Amino acid sequence: MEILETLGPSTAALVRAAEERDIPWIRLDEGSLIQLGYGRYQKRIQATLTSETKHIATQIAADKRLTHRILGQLGLPVGEARQRDNDYRILVVNGRMVAAAHRIPDGTAVDVTDAIHEDNRLMAERAVQAIGLDVGGVDFISPDISRSYEEAGGFIVEINPAPDFRMHLAPTEGAPRDVAGPVLDMLFPAGAPRTIPVVAVTGTHGKTTTTRMVGHVLKLSGYKVGLATTDGVYVDGVRTVRGDMTDSWASQIVLRDPTIDAAVLETARDGIARSGLGWRRCNVGAVLNVASDHLDGVEDLDDLARVQRVVVEVARDFCVLNADDERVARMAEASSGEPIYVTMDPKHQRVRSHVRAGGRAVSLEPGLNGRMLVLYHGERQLPLLWARQIPAALEGRAGHNIQNAMFAAAIAHGLGVAVENIRQGLRTFSNDFKPGLTAEPLAGTGELAGGIYARYSNS
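Position 441 (the sequence shown) corresponds to 427 in this note's numbering; numbering is contiguous.
Pasting the structure below:
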């Protein structure tokens, strides 16, 4: 809210319209340059100029003589105003009139949107389209805007790119008009993508490995992934920035990249405490654990848990939580996202109850050939792979990386990744894995079909 108060009225109205449509935004400078959406689906606005505003159209509009020539050749009325009595501003967005105001010299603006004659509306729409603007303000002189220009007279003085919205948002007299909403609907039409999947991973241990595992699974699923980790920012496997990139600034480096279509953000406690998240909502938020060996700057484990809980508080779809860590498991109460529990205890009571109620979980189950990672979705039981098939788990001996793989599987499931892609991703990831490398699918998935006890769905 404080940021909105520092924006001009037109920009602030557009940002509010974005928030109403659940479109994230980032302020790109100290002025009015705003990014709407993340990654490859982002758009930009600067006041009421948009990323769809054509440069040649703004140049034409800036040349009044050329504007008059183009409009006149189409049979539209044009003229020079030696005085601005009965001066109207007609706002056109995406080829449609959205508002009109009568501008009175003392600074008064009177809304006349409902009074405008149909001929005058069509004239304004044709004029803005003829210049080629997506958002344009038509300065129109007329004795009476409620009468057709063909009958009462009247003419266009100029066409304005980046028209001020203030007179329509808060007229001195008459109803305020929603002129920002049509701009957002033009930039992000119904059904069109508005943002990219965003994952945030926090915890005391395992963040970097889990983040990289998720990135690898997504890459094998066809995504161009942006990663922020403790050793840098990666875009589609190429490190673009070196260093510890786990704070809000690093997250925005990823989310501002116009080439990515998924973001996986390692989110450190220090970064959250120092500068916040750098984004407002994520699709999946994961908390891996709360441990006492990283208590610098916080009083105790409960204080640390409160900081880390921020990630699941803003998770829109799913929160992935360590059921074996009671502080983490309780965070489900603070999230609007559906919990996906991760447990290495196949008899975990909380998880058993959750699954029986239709919930989701990833569990480590004993089987005939070792331990198996199993995904539960209510009554459905989906074997993923044997722990010994995970290269990073060192033939099943590295329990911490088995657990990291379970978190990665849960996160990928929350993003809707196919089970087979999760299997392949975990089977082809190792500790020395280079993010830019691709991996061919491995054969031999037959043993996944048997040897698992249906502990949760049948108990």
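We put the beta carbon where it would ideally sit given N, CA and C, even for glycine. Bear in mind the structure is a predicted one, so any value in this text is a computation, not a measurement.
query                                                                                                                                                                              : result
Does the separation of the CB atoms of A396 and L361 fall below 9 Å?                                                                                                               : yes
Under DSSP, the beta strand (DSSP E) around P352 begins and ends at which residues?                                                                                                : 346 to 353
If you run the structure through DSSP and keep just helix, strand and coil, what is P168?                                                                                          : helix
Could you please give the first and the last residue of the uninterrupted beta strand (DSSP E) stretch that includes Q410?                                                         : Segment 405 to 413 is the alpha helix (DSSP H) holding Q410; no beta strand (DSSP E) there.
Might you give, ordered along the chain, the residues of its own chain that have their beta carbon closer than 8 Å to the beta carbon of M153, omitting 5 neighbours on each side? : R75, A87, R89, A95
Ignoring anything shorter than 3 residues or poking outside the stretch 183 to 213, list the beta strand (DSSP E) runs there in chain order.                                       : 184 to 188
Could you tell me whether the Cβ atoms of G271 and S234 are closer together than 9 Å?                                                                                              : no
If distances are taken between C-alpha atoms only, which option among N275, P162, V227, V293 comes closest to D256?                                                                : V293
Quick check: the Cα distance between Q410 and M199, rounded to an integer number of angstroms?                                                                                     : 11 Å
Which word fits T424, buried or exposed, when buried means at least 16 other C-beta atoms lie within 10 angstroms of its C-beta?                                                   : Residue placement at T424 cannot be trusted, given a pLDDT of 44 that sits under 50; what the coordinates show is reported in the next sentence. The residue is exposed, with fewer than 16 neighbouring Cβ atoms inside 10 Å.
Report all residues from its chain with a CB closer than 8 Å to the CB of I56; omit the five preceding and five following residues, and keep chain order.                          : I46, A116, I117
Report the three-state DSSP secondary structure of L290 (helix, strand or coil).                                                                                                   : helix
Going by DSSP in three states, L423 sits in which element: helix, strand or coil?                                                                                                  : Unreliable placement is indicated for L423, whose pLDDT of 45 sits below 50; no coordinate value is reported for it.
Output the residue ranges of the alpha helix (DSSP H) runs that lie fully inside the stretch 327 to 400 and measure 4 residues or longer, sorted by chain position.                : 335 to 342, 385 to 400
Between A33, S18, L14, which has its C-alpha nearest Y505's C-alpha?                                                                                                               : Given that the chain is displayed from residue -13 to residue 445, the structure contains no residue 505 and the question cannot be resolved.
Counting C-beta neighbours from all protein chains within 10 Å, is the total for Q28 16 or more, i.e. buried, or is it exposed?                                                    : buried
In angstroms with no decimal places, state the Cα-to-Cα distance between R82 and A48.                                                                                              : 21 Å
When you compare only the Cα positions, how much space is there between A166 and G139?                                                                                             : 31 Å
Report the three-state DSSP secondary structure of D120 (helix, strand or coil).                                                                                                   : coil
CB K193 to CB L77, shorter than 9 Å?                                                                                                                                               : no
Counting only the same chain and skipping the five closest in sequence on each side, list residues whose C-beta sits under 6 Å from that of I31.                                   : L0, I20
Of the residues G344, S339, R342, Y327, which one's Cα is nearest the Cα of L359?                                                                                                  : Y327
Whole angstroms are fine: how far does the CA of V211 sit from the CA of N72?                                                                                                      : 55 Å
Could you spell out the range, first to last residue, of the beta strand (DSSP E) harbouring L451?                                                                                 : Here the chain covers residues -13 to 445 and nothing more, so residue 451 does not appear.
Since I believe T196 is in contact with V187 (beta carbons under 8 Å), could you give me their beta-carbon distance rounded to a whole number of angstroms?                        : 5 Å
Please classify E351 as buried or exposed, where buried requires at least 16 neighbouring CB atoms within 10 angstroms.                                                            : buried
In whole angstroms, what is the alpha-carbon distance linking C268 and V203?                                                                                                       : 18 Å
Return the chain-ordered list of same chain residues with a C-beta closer than 7 Å to the C-beta of N407, the five sequence neighbours on each side being excluded.                : V203, L206, S207
Buried or exposed for T53, going by 16 or more other Cβ atoms inside 10 Å?                                                                                                         : buried
Take the Cβ of L108 as the centre, count every other Cβ of all protein chains shown within 10 Å, and call the residue buried at 16 or more, exposed below.                         : exposed
Secondary structure at V98, three-state DSSP: helix, strand or coil?                                                                                                               : coil
Mapping the DSSP letters down to three states, classify T(-3) as helix, strand or coil.                                                                                            : helix
Whole angstroms is fine: what's the gap from R26's alpha carbon to N106's?                                                                                                         : 39 Å
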